[in-house]
Amino acid sequence: MRTKTALLLSIAALATFASGVAAKADVSLNGGGSSFDLPAFTKWFQAYRSVDPSVSFNYQPNGSGFGQASMLNQTVDFGASDFTMDDAKLAKSTNGPILQLPIVAGAVVISYNLPGNPKLKLDGDTIANIYLGNITKWNDSRIAALNPGVDLPDLDIVTVHRSDTSGTSYIFSDYLSSVSQEWASKVGRSGSPMWPNGLGGKANAGVAGQVKQLPGAVGYIELAYAVENRLPYATLKNHDGDYVEATPAAVSAALATATIPDDFRFTMVNAPGAKSYPIAGVSWILLYQNQKDSVKGAAIVKFAKWIVTAGQKISPELEYAPLPDNVQQRILAAIDTIKY
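Under this note's numbering, read the sequence shown as residues 2 to 341, first letter to last.
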């Protein structure tokens with residue numbers, strides 16, 4: 002785990018990396034959006050230097066909503082989001098079609114801060130009731146029933162959620178909507194849900210930081226952030242009733258069950274299969290199909306193709322699941338429609 006943790010660079014390190022190579026680069030690509038895949042982008046940017054040292058990158062991990070808005074406002078060269086734009090939002094683009102292409106799949110884990118940090122098991126109904134405010138103590142009988150023999154403290158639960166519009170929030174609320182009728186009717190699925198209670202943190206790093214600092218806290222974060230911050234996370238009961246640890250293999254099992262349409266807009270939460278992790282999702286890179294700058298356009302196409310192929314070999318090192326070969330080929334075909 003230490004080896005994998007060492008591969009995860011901080012946001013500050015990413016900014017330093019981007020500015021440090023910009024002076025030597027011929028093309029500078031500016032991106033923004035998802036923090037879910039920031040560890041992947043950070044490593045990809047670093048590795049891509051050996052592929053094409055003429056390209057530098059600057060990426061602002063301000064959330065999926067930021068990535069979508071920045072694409073519509075044409076303030077970035079590429080965006081990233083963990084939930085896709087619908088037709089109404091895509092119609093607002095004044096720069097032609099925006100492609101939404103999967104680049105990485107990962108797990109959203111339920112991390113917590115308890116004395117001794119015991120390994121817990123949780124199911125969807127219990128998680129929903131925690132975030133609805135129906136379960137307020139860690140030694141609640143419903144949590145205890147899932148964790149026989151675990152000494153649960155008489156400690157208030159502090160729920161932590163994202164304060165920004167977030168694809169991680171969409172994945173999480175999509176999952177809760179699929180397992181809890183009460184959540185679906187009262188809150189629903191959204192990148193910025195109306196949270197019934199709790200504290201907000203900006204980006205995955207902000208939620209992880211809150212959980213790490215607050216005794217009794219619980220939060221949902223992308224797996225790499227739990228590993229980086231050495232936070233415990235629960236083993237979750239999946240669609241088939243099996244308890245599954247969050248691993249790249251378990252995310253791959255969930256992804257294998259997904260039906261992926263031609264426009265690549267799909268979700269994969271609560272997937273069937275004994276080995277499927279239940280809170281799994283995909284992040285999409287957002288690209289203009291009609292590039293205004295031919296030099297930047299060529300660089301973006303080359304980089305996007307590298308991400309989808311060679312870049313996928315790096316994904317498991319960072320706790321992500323690589324895209325299957327057949328999906329890679331479909332994405333490459335879509336990238337080939339970009340004009341520059």
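Quick reminder that beta carbons are idealized off the backbone N, C-alpha and C, glycines included.
Within a Cβ cutoff of 7 Å, which residues of the same chain sit near residue i, ignoring the five residues on either side of it in sequence?
| i | result |
| --- | --- |
| Lys297 | Val28, Leu30, Asp78 |
| Asp186 | A quick correction: the sequence has Ser, not Asp, at residue 186. Cβ within range, chain order: n/a, list empty. |
| Gly348 | Given a span of 2 to 341 for the chain in the structure shown, any question on residue 348 remains unanswerable. |
Just the C-alpha distance for residue i and residue j, rounded to the nearest angstrom, thanks.
| i | j | result |
| --- | --- | --- |
| Phe173 | Phe42 | 22 Å |
| Gln211 | Glu320 | 22 Å |
| Ala145 | Leu256 | 31 Å |
| Ala235 | Ala247 | 8 Å |
| Val105 | Tyr226 | 15 Å |
| Ile261 | Gly80 | 21 Å |
| Thr221 | Val110 | Here residue 221 is Tyr; the residue named in the question, Thr, does not match the sequence. Tyr221 and Val110: Cα-Cα distance of roughly 6 Å. |
| Asp155 | Asn140 | 5 Å |
| Phe37 | Glu318 | 15 Å |
| Ala322 | Ser316 | 6 Å |
| Ala89 | Gly64 | 20 Å |
| Asp124 | Asn148 | 11 Å |
| Ala204 | Thr169 | 9 Å |
| Ile158 | Ser164 | 18 Å |
| Ala128 | Ile286 | Looking at the sequence provided, one finds Ile at residue 128 rather than Ala. Between Ile128 and Ile286, the C-alpha separation is close to 30 Å. |
| Ile339 | Lys303 | 11 Å |
| Lys306 | Ile332 | 8 Å |
| Phe84 | Gly282 | 9 Å |
| Ala209 | Ser167 | 14 Å |
| Gly152 | Asn130 | Going by the sequence as given, residue 152 is Asp instead of Gly. So the alpha carbons of these two residues sit roughly 21 Å apart. |
| Ile136 | Tyr278 | 23 Å |
Per DSSP, which one or two residues make a beta bridge with residue i?
| i | result |
| --- | --- |
| Lys138 | Asp157 |
| Ile315 | According to DSSP, Ile315 bridges with nothing at all. |
| His162 | Gly201 |
| Val245 | Leu237 |
| Glu223 | Val109 |
| Trp285 | Ser82, Pro103 |
| Lys340 | Asn291 |
| Phe67 | None, per the DSSP bridge assignment. |
| Gly33 | Gln61, Gly80 |
| Val56 | Val28 |
| Lys218 | Here residue 218 is Ala; the residue named in the question, Lys, does not match the sequence. The partner list for Ala218 (beta bridge, DSSP) reads Val159. |
Residues in the same chain with beta-carbon distance under 6 Å from residue i, minus the five sequence neighbours each way, listed in chain order, please.
| i | result |
| --- | --- |
| Ala259 | Phe267, Met269 |
| Ala98 | Rather than Ala, the amino acid found at residue 98 in this sequence is Pro. Excluding residues within five positions, the ones whose Cβ falls inside 6 Å are Gln290. |
| Gly134 | Pro197, Asn198 |
| Tyr132 | Thr160 |
| Leu39 | Pro62 |
| Pro216 | Asn114 |
| Gln69 | Ser82, Met86 |
| Ala23 | Note that Ala23 scores a pLDDT of 42, beneath 50, so its modelled location is shaky; the value from the coordinates is reported in the next line. Excluding residues within five positions, the ones whose Cβ falls inside 6 Å are Ser29, Ser57. |
Taking only three categories from DSSP, how would you classify residue i?
| i | result |
| --- | --- |
| Leu232 | coil |
| Pro103 | strand |
| Ser277 | coil |
| Asn74 | helix |
| Asn271 | coil |
| Lys297 | helix |
| Lys120 | coil |
| Ala322 | strand |
| Asn130 | helix |
| Phe265 | coil |
| Thr43 | helix |
| Arg190 | coil |
Please determine whether the Cβ atom of residue i lies at a distance below 6 Å from any heavy atom of the ligand FMN.
| i | result |
| --- | --- |
| Gly134 | The ligand content of the structure shown is nil, which means the ligand FMN is not present either. |
Could you name the residues of the same chain whose beta carbon sits closer than 8 Å to that of residue i, not counting the 5 residues immediately before and after it, in chain order?
| i | result |
| --- | --- |
| Gly242 | none |
| Gly189 | Ser174, Ser178 |
| Lys276 | Asp243, Val245, Ala250, Ala251, Ala254 |
Three-pair Cβ contact test at 8 Å for the stretch 231-239 versus the stretch 286-300: These segments do not touch.
Inter-stretch contact at 8 Å, needing at least 3 Cβ pairs: the stretch 47-58 / the stretch 304-318: Because the criterion of three Cβ pairs below 8 Å is met, the stretch 47-58 and the stretch 304-318 touch.
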